[in-house]
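Please read the structure below before turning to the comments.
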Amino acid sequence: MFDPFHEVVTNVSKTIMQFEAELRRPVIGVMPAYFPMELIYAAGGYPVQLWGNNLALEKSDAYLQSYCCSVARSVLELELRDISKMVKAYAFTSLCDTLINLREIYRRLFSKPTLQLSIPITQTEEARQAYIKNVLKSVTTGLEEITGQQITQASLIEAATLYGHTRSLQRKLYNIRRQKPRLIKNHDFYTVLKVGFFLPAGAYNQMLETLLHNLEALSQPQDSRPKVLISGMVFDPIDTYKIFDELKIDIVDDDLANGWRTVSKENLQIENLVEGITQYLFNPAPCCCIYNPDNDRHTYLLNKVKQSGADGVLFWYIKFCEPDAFDRPQLMNRLKAEGIPAVFIDMELSLSNFEALKTRINAFCEILEGDT
Amino acid sequence: MTQLAAYKKMKELMTNYYIEAKTTREKPIAWVTSGAPVEFLYAMDVLPIYPENYAAMCAAGHQSIELLEAAEAAGFSQDLCAYARTDFGADITQGGPVAGLPPPNFLLCSTNICKTVIKWYEVIARKYNVPLFIVDTPFLHDGLTKELIDYTISQFKDLENFLAEFTGQPFDRERFFEVLSLSSEASGYWKKMLYLAKEMPSPFNSLDSFIHLGPIVTLRGTQECVDFYKSLYAEVAERAAKKIGSLPEEKYRALWDNLPIWFKMRRLEKFFEEKKCTLVVTTYANSWGGYSNIDNYQGKDIYEAIAASYLNVYINLGFEERINYLAQLIEEFSLTGFIMHSNRSCKPYSVGMYRLKEELSALTRKPGVVIEADQNDPRVYSDAQVETRLEAFIESMRPINN
Numbered sequence: 001m002f003d004p005f006h007e008v009v010t011n012v013s014k015t016i017m018q019f020e021a022e023l024r025r026p027v028i029g030v031m032p033a034y035f036p037m038e039l040i041y042a043a044g045g046y047p048v049q050l051w052g053n054n055l056a057l058e059k060s061d062a063y064l065q066s067y068c069c070s071v072a073r074s075v076l077e078l079e080l081r082d083i084s085k086m087v088k089a090y091a092f093t094s095l096c097d098t099l100i101n102l103r104e105i106y107r108r109l110f111s112k113p114t115l116q117l118s119i120p121i122t123q124t125e126e127a128r129q130a131y132i133k134n135v136l137k138s139v140t141t142g143l144e145e146i147t148g149q150q151i152t153q154a155s156l157i158e159a160a161t162l163y164g165h166t167r168s169l170q171r172k173l174y175n176i177r178r179q180k181p182r183l184i185k186n187h188d189f190y191t192v193l194k195v196g197f198f199l200p201a202g203a204y205n206q207m208l209e210t211l212l213h214n215l216e217a218l219s220q221p222q223d224s225r226p227k228v229l230i231s232g233m234v235f236d237p238i239d240t241y242k243i244f245d246e247l248k249i250d251i252v253d254d255d256l257a258n259g260w261r262t263v264s265k266e267n268l269q270i271e272n273l274v275e276g277i278t279q280y281l282f283n284p285a286p287c288c289c290i291y292n293p294d295n296d297r298h299t300y301l302l303n304k305v306k307q308s309g310a311d312g313v314l315f316w317y318i319k320f321c322e323p324d325a326f327d328r329p330q331l332m333n334r335l336k337a338e339g340i341p342a343v344f345i346d347m348e349l350s351l352s353n354f355e356a357l358k359t360r361i362n363a364f365c366e367i368l369e370g371d372t
Numbered sequence: 373m374t375q376l377a378a379y380k381k382m383k384e385l386m387t388n389y390y391i392e393a394k395t396t397r398e399k400p401i402a403w404v405t406s407g408a409p410v411e412f413l414y415a416m417d418v419l420p421i422y423p424e425n426y427a428a429m430c431a432a433g434h435q436s437i438e439l440l441e442a443a444e445a446a447g448f449s450q451d452l453c454a455y456a457r458t459d460f461g462a463d464i465t466q467g468g469p470v471a472g473l474p475p476p477n478f479l480l481c482s483t484n485i486c487k488t489v490i491k492w493y494e495v496i497a498r499k500y501n502v503p504l505f506i507v508d509t510p511f512l513h514d515g516l517t518k519e520l521i522d523y524t525i526s527q528f529k530d531l532e533n534f535l536a537e538f539t540g541q542p543f544d545r546e547r548f549f550e551v552l553s554l555s556s557e558a559s560g561y562w563k564k565m566l567y568l569a570k571e572m573p574s575p576f577n578s579l580d581s582f583i584h585l586g587p588i589v590t591l592r593g594t595q596e597c598v599d600f601y602k603s604l605y606a607e608v609a610e611r612a613a614k615k616i617g618s619l620p621e622e623k624y625r626a627l628w629d630n631l632p633i634w635f636k637m638r639r640l641e642k643f644f645e646e647k648k649c650t651l652v653v654t655t656y657a658n659s660w661g662g663y664s665n666i667d668n669y670q671g672k673d674i675y676e677a678i679a680a681s682y683l684n685v686y687i688n689l690g691f692e693e694r695i696n697y698l699a700q701l702i703e704e705f706s707l708t709g710f711i712m713h714s715n716r717s718c719k720p721y722s723v724g725m726y727r728l729k730e731e732l733s734a735l736t737r738k739p740g741v742v743i744e745a746d747q748n749d750p751r752v753y754s755d756a757q758v759e760t761r762l763e764a765f766i767e768s769m770r771p772i773n774n
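Right, here's the structure in full:
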């Protein structure tokens with residue numbers, strides 16, 4: 001059932017190039033996080049999300065210090081090694097200091113166009129709206145220049161429908177996981193999500209529909225196992241989920257930037273695009289990288305743990321991510337004060353020896369089993 | 373350190389400032405970032421307190437390790453900015469030279485120095501349950517635009533409303549303009565003093581400017597600040613006129629990019645003196661000279677001038693502008709090379725530095741070096757590693773008289 005998804009993840013470049021040839025759309029590399037794919041698709045582009053990889057860092061060390069996150073370093077490695085030669089341009093958001101400067105590095109090193117959706121950090125409502133209006137204008141103009149195509153009302157409707165449907169199907173998958181833990185192996189689940197980074201939405205939606213149809217027929221396994229919720233920015237390295245499967249732990253939900261924080265976003269409203277983009281960026285799930293005091297992360301995460309039935313929270317920390325690391329201590333304290341076990345595990349995307357990680361996950365699992 | 377009479381005055385000023393901070397009953401206290409528009413606060417008799425300045429004091433006084441460890445024991449990762457960790461530690465233990473900072477009534481944070489401060493101040497806001505006001509000053513990838521100025525002004529106006537509501541008093545615009553004028557005047561003296569380093573030999577060095585930064589960061593907008601920098605400028609100008617150099621002999625003149633390594637000031641000072649290398653100019657100390665531009669608004673809306681000053685901060689600039697600015701400093705200050713501090717604690721300053729170094733060397737034909745260090749965490753610093761790199765760099769420079 002999951003083989004076609006695994007096949008894509010093991011042949012990413014080949015898959016992208018095939019679709020590029022088929023669709024005749026320029027590939028736009030999308031950096032983390034929350035750049036609406038809809039805008040790229042509506043401009044005639046083929047968005048491909050770059051959330052890092054496990055390449056050995058041979059060339060990027062010449063440009064990025066070891067204290068930069070492995071997402072930035074491994075994405076740069078792709079371009080320096082010419083692995084991402086099919087990517088015609090890059091779309092950034094102003095998510096963090098490293099990504100802001102990474103865009104500048106790309107501008108100095110490469111001739112490929114870059115554009116940025118700068119996310120406002122203000123509670124001044126009028127300023128925020130005016131800012132997003134200007135940023136949106138710059139992004140859409142930039143995209144149109146790259147693709148040579150105009151964004152029209154019709155193309156926006158098509159894109160919003162297509163990508164809105166993707167997230168709606170992904171939400172169904174999350175619901176199945178919440179309601180029937182263990183039905184989908186952890187490794188399979190995140191592989192399905194990862195495929196969405198690379199496939200065009202139309203092809204991906206078809207695969208998701210087939211998968212959901214097949215899953216509906218299956219009944220819930222009966223045995224009870226520890227249930228966890230994971231929180232962090234990036235769910236990779238993908239192979240680490242085999243450890244959860246081996247240890248018979250069910251990830252029942254997540255609070256990940258490239259997981260539920262994105263999947264939970266409703267259809268992009270295009271009638272008032274400025275308002276639509278505002279809603280898209282700031283709602284519904286809070287993120288450590290998005291300043292939005294009206295959407296408190298503590299309350300949100302506590303509710304999410306209760307709703308998902310998770311026995312504990314595992315903070316999945318990709319090293320050197322400051323926004324994530326700043327929020328974590330207070331969040332963990334709050335969870336513990338509410339009687340919810342919480343630990344954090346730090347790693348880099350290039351992790352290859354999983355033994356230490358397995359020991360730590362197992363130790364957490366034992367805490368959970370002791371509690372339940 | 374260059375023997376300057378002003379040093380004693382500065383110590384007095386800073387001591388008085390911290391005494392007021394620790395004892396005031398009348399003034400509300402705001403914790404603010406070093407790039408925050410503090411003039412709005414002084415206009416409303418709010419006392420600004422700078423956690424960054426306090427963290428630097430802790431490190432310069434060799435007290436940062438225990439504070440860093442206290443923060444880490446509370447769960448804050450070693451990956452985080454060491455200023456933030458030092459302050460978290462000082463807050464937890466009530467440690468450091470003045471036994472912790474007085475608790476804030478509210479927080480004011482500007483993003484022109486980094487995005488890290490948002491997260492840092494969110495942690496404080498949650499701990500003390502106080503309001504956080506952010507003035508967002510977006511990164512200038514492509515220079516200053518009218519839209520960015522309008523965006524910033526709109527937040528300034530909102531800040532005025534916030535302050536009026538918080539203090540229960542209407543925003544005092546007349547007082548605000550007085551404060552702006554004082555701020556601009558002090559920054560003007562600071563900038564004029566820094567530019568005296570164009571003289572050869574340089575009458576002071578950059579380690580002096582780091583040490584004398586305190587008042588321009590913390591007291592900008594007060595008469596005491598103006599008086600202090602006026603006297604510092606006069607003293608340094610006299611040295612310049614008499615051709616009294618900072619070092620006994622000046623063979624090399626270098627730029628320092630990024631924050632200082634606060635816990636190694638004395639050792640590095642000795643090192644550079646032995647090597648006859650004057651650190652002449654720094655992008656960091658220069659940043660507070662930029663506020664002198666507020667006075668040059670000449671007929672324009674003064675809020676535009678304030679917005680431009682707070683947006684146009686060196687580390688808020690795209691790399692094209694940074695390279696041009698660095699090249700200009702190398703030319704104007706007759707430098708023989710440049711040192712870039714790849715600072716683990718400051719990503720906006722440091723990420724991309726390797727590329728900047730390559731381009732700047734190619735553009736100016738001057739040697740440069742990148743050293744790996746940290747502004748506040750001595751545990752990630754190696755004397756041998758840094759000094760070996762600096763020695764090789766100094767040998768690669770052509771002396772000034774050749």
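Quick note, the sequences are listed as chains A and B, same order.
1 is the number of the first residue of the first sequence in our numbering; add one for each residue after it.
373 is the number of the first residue of the second sequence in our numbering; add one for each residue after it.
Even for Gly, the Cβ is constructed at its ideal location relative to N, Cα and C.
Remember, predicted model here, so these are calculated numbers, not experimental data.
Our contact map puts residue 587 (chain B) next to residue 382 (chain B) with C-beta atoms below 8 Å; I'd like the distance itself, whole angstroms only.
Taking the first residue of the second sequence as 1, we reach residue 587 (chain B) at position 215. Taking the first residue of the second sequence as 1, we reach residue 382 (chain B) at position 10. Right, their Cβ atoms sit about 6 Å apart.
Just to confirm the assignment, what range does the beta strand (DSSP E) spanning residue 375 (chain A) have?
Here chain A covers residues 1 to 372 and nothing more, so residue 375 (chain A) does not appear.
Provide the residue span of the beta strand (DSSP E) that contains residue 116 (chain A), from first to last.
For the purposes of this step, residue 116 (chain A) is identified with residue 116 of the first sequence, where counting begins at 1. 114-117 is the extent of the beta strand (DSSP E) around residue 116 (chain A).
Can you check which of these residues, A:135, A:310, A:128, A:142, is closest to residue 508 (chain B) by C-alpha distance?
On the second sequence, position 136 is the one that residue 508 (chain B) refers to. When each option's Cα is compared against that of residue 508 (chain B), the closest is A:128.
Should residue 755 (chain B) go down as buried or exposed, given a rule of 16 or more other Cβ atoms within 10 Å for buried?
Numbered from its first residue, the second sequence carries residue 755 (chain B) at position 383. Looking at its Cβ environment, which holds fewer than 16 other Cβ atoms inside 10 Å, residue 755 (chain B) is exposed.
Given this structure, state the Cα-to-Cα distance separating residue 446 (chain B) from residue 504 (chain B), to the nearest angstrom.
Residue mapping note: residue 446 (chain B) aligns to position 74 of the second sequence, counting from 1. Residue mapping note: residue 504 (chain B) aligns to position 132 of the second sequence, counting from 1. Taking the straight line joining both Cα atoms gives about 22 Å.
Considering just the uninterrupted stretch of the alpha helix (DSSP H) at residue 331 (chain A), what are its terminal residues?
Counted from its first residue, the first sequence places residue 331 (chain A) at position 331. It spans 322-337 - the alpha helix (DSSP H) in which residue 331 (chain A) sits, taken as one unbroken run.
Closer than 9 Å between beta carbons: that is the criterion. Which residues of the stretch 633-663 of chain B meet it against chain A?
Those would be none; no residue qualifies.
Tell me the start and end of each unbroken beta strand (DSSP E) in the stretch 442-501 of chain B that is at least 3 residues and wholly inside, in chain order.
Listed in chain order, the complete beta strand (DSSP E) runs (minimum 3 residues) inside the stretch 442-501 of chain B are 478-482.
Which residues does DSSP pair with residue 43 (chain A) in a beta bridge?
The residue labelled residue 43 (chain A) in the question sits at position 43 within the first sequence. Answer is none; residue 43 (chain A) lacks a bridge partner.
Compare the beta carbon distance of residue 217 (chain A) and residue 38 (chain A) with 7 Å and say whether it is the shorter of the two.
Here residue 217 (chain A) is taken as the residue at index 217 of the first sequence, counted from 1. Here residue 38 (chain A) is taken as the residue at index 38 of the first sequence, counted from 1. No, the Cβ-Cβ distance between residue 217 (chain A) and residue 38 (chain A) is not below 7 Å.
Looking at the strands, I want to know which residues DSSP matches up with residue 712 (chain B).
Against the second sequence, residue 712 (chain B) aligns to sequence position 340. In DSSP, residue 712 (chain B) forms a bridge with B:629, B:742.
Which residues in the same chain have their Cβ closer than 7 Å to the Cβ of residue 657 (chain B), if we skip the five residues on either side of it in sequence?
By one-based count along the second sequence, residue 657 (chain B) stands at place 285. Once the five neighbours on either side are set aside, the close Cβ partners of residue 657 (chain B) are 566, 578, 581, 582, 585.
Output the distance between the C-alpha atoms of residue 558 (chain B) and residue 592 (chain B), rounded to the nearest integer angstrom.
Locating residue 558 (chain B) in the second sequence gives position 186, where the first residue counts as 1. Locating residue 592 (chain B) in the second sequence gives position 220, where the first residue counts as 1. Approximately 7 Å, taken between the alpha carbons.
Per DSSP, which residues does residue 421 (chain B) bridge with? Please list them.
As a working mapping, residue 421 (chain B) is identified with position 49 in the second sequence. Answer is B:403, bridged to residue 421 (chain B).
Would you say the stretch 336-353 of chain A touches the stretch 598-610 of chain B, given that touching needs at least three Cβ pairs under 8 Å?
Cβ pair count under 8 Å is below three, so no.
Helix, strand or coil: how does DSSP classify residue 316 (chain A) here?
As a position in the first sequence, residue 316 (chain A) is number 316, starting the count at 1. In this structure, residue 316 (chain A) counts as strand in the three-state DSSP scheme.
Among A:253, A:264, A:225, which one has its Cα closest to the Cα of residue 246 (chain A)?
By 1-based counting over the first sequence, the position of residue 246 (chain A) is 246. It is A:225 whose Cα lies nearest to the Cα of residue 246 (chain A).
Just to make sure I have the definition right: I need the residues of chain A whose C-beta is within less than 8 Å of the C-beta of residue 492 (chain B). Which are they?
By one-based count along the second sequence, residue 492 (chain B) stands at place 120. Going along chain A in sequence order, the residues near residue 492 (chain B) (Cβ under 8 Å) are 326.
For my contact list, residue 635 (chain B) and residue 329 (chain A) are in at a C-beta cut-off of 8 Å; report their separation, rounded to the angstrom.
In the second sequence, counting from the first residue as 1, residue 635 (chain B) sits at position 263. In the first sequence, counting from the first residue as 1, residue 329 (chain A) sits at position 329. Not confirmed; about 24 Å, so no contact.
Hey, how far is the Cα of residue 397 (chain B) from the Cα of residue 478 (chain B)?
Counted from its first residue, the second sequence places residue 397 (chain B) at position 25. Counted from its first residue, the second sequence places residue 478 (chain B) at position 106. C-alpha separation (whole angstroms): 15 Å.
Residue 251 (chain A) by DSSP, collapsed to three states: which one?
Along the first sequence, one-based indexing puts residue 251 (chain A) at 251. In this structure, residue 251 (chain A) counts as strand in the three-state DSSP scheme.
On the DSSP bridge list, what partners appear for residue 347 (chain A)?
If you number the first sequence from 1, residue 347 (chain A) lands on position 347. A:318.
Give a yes or no on whether the minimum CB-CB distance between residue 751 (chain B) and chain A is below 7 Å.
On the second sequence, position 379 is the one that residue 751 (chain B) refers to. It does not: the Cβ of residue 751 (chain B) has no partner Cβ on chain A nearer than 7 Å.
CB residue 511 (chain B) to CB residue 132 (chain A), shorter than 7 Å?
Within the second sequence, the letter at position 139 stands for residue 511 (chain B). Within the first sequence, the letter at position 132 stands for residue 132 (chain A). No; because the gap between Cβ atoms is not below 7 Å, this pair is not in contact.
Applying a beta-carbon distance threshold of less than 9 Å, which residues of chain B neighbour residue 319 (chain A)?
As a first step, residue 319 (chain A) must be located in the first sequence, where it is residue number 319. Neighbours of residue 319 (chain A) on chain B, chain order: 449, 451.
Measuring only from the beta carbon, is residue 530 (chain B) closer than 6 Å to any heavy atom that is part of the ligand FMN?
Among the ligands in the structure shown, none appear at all, so the ligand FMN cannot be discussed.
For residue 659 (chain B), which of B:652, B:687, B:502, B:646 has the nearest alpha-carbon?
Walking along the second sequence from the start, residue 659 (chain B) turns up at place 287. Of B:652, B:687, B:502, B:646, the residue nearest in Cα terms is B:687.
Which term fits residue 487 (chain B), buried or exposed, when burial requires 16 or more other beta carbons within 10 angstroms of its beta carbon?
What you label residue 487 (chain B) is simply residue 115 of the second sequence in a count that begins at 1. Residue 487 (chain B) is buried by the Cβ-count criterion.
Looking at the secondary structure, which residues open and close the alpha helix (DSSP H) in which residue 15 (chain A) lies?
The residue given as residue 15 (chain A) occupies position 15 in the first sequence. 12-23 is the span of the alpha helix (DSSP H), which, as asked, contains residue 15 (chain A).
In three-state terms, what does DSSP make of residue 196 (chain A)?
Here residue 196 (chain A) refers to the residue found at position 196 of the first sequence. Of the three classes helix, strand and coil, the one that applies to residue 196 (chain A) here is helix, per DSSP.
Cβ of residue 278 (chain A) less than 7 Å from any chain B Cβ?
In the first sequence, the residue the question calls residue 278 (chain A) occupies position 278. So no, residue 278 (chain A) is outside the interface.
Which word fits residue 549 (chain B), buried or exposed, when buried means at least 16 other C-beta atoms lie within 10 angstroms of its C-beta?
Within the second sequence, numbered from 1, the residue matching residue 549 (chain B) stands at position 177. Under this definition residue 549 (chain B) is an exposed residue.
How long is the line joining the alpha carbons of residue 714 (chain B) and residue 561 (chain B), rounded to whole angstroms?
The residue labelled residue 714 (chain B) in the question sits at position 342 within the second sequence. The residue labelled residue 561 (chain B) in the question sits at position 189 within the second sequence. About 29 Å.
Listing by chain order, which chain A residues have their CB less than 9 Å from the CB of residue 740 (chain B)?
In the second sequence, the residue the question calls residue 740 (chain B) occupies position 368. Chain A residues near residue 740 (chain B): none, gap ~15 Å exceeds 9 Å.
Under 9 Å between beta-carbons, which chain A residues line up against residue 515 (chain B)? List them in chain order, please.
Counted from its first residue, the second sequence places residue 515 (chain B) at position 143. The premise fails here: residue 515 (chain B) is roughly 13 Å from chain A at the closest Cβ pair, so nothing lies under 9 Å.
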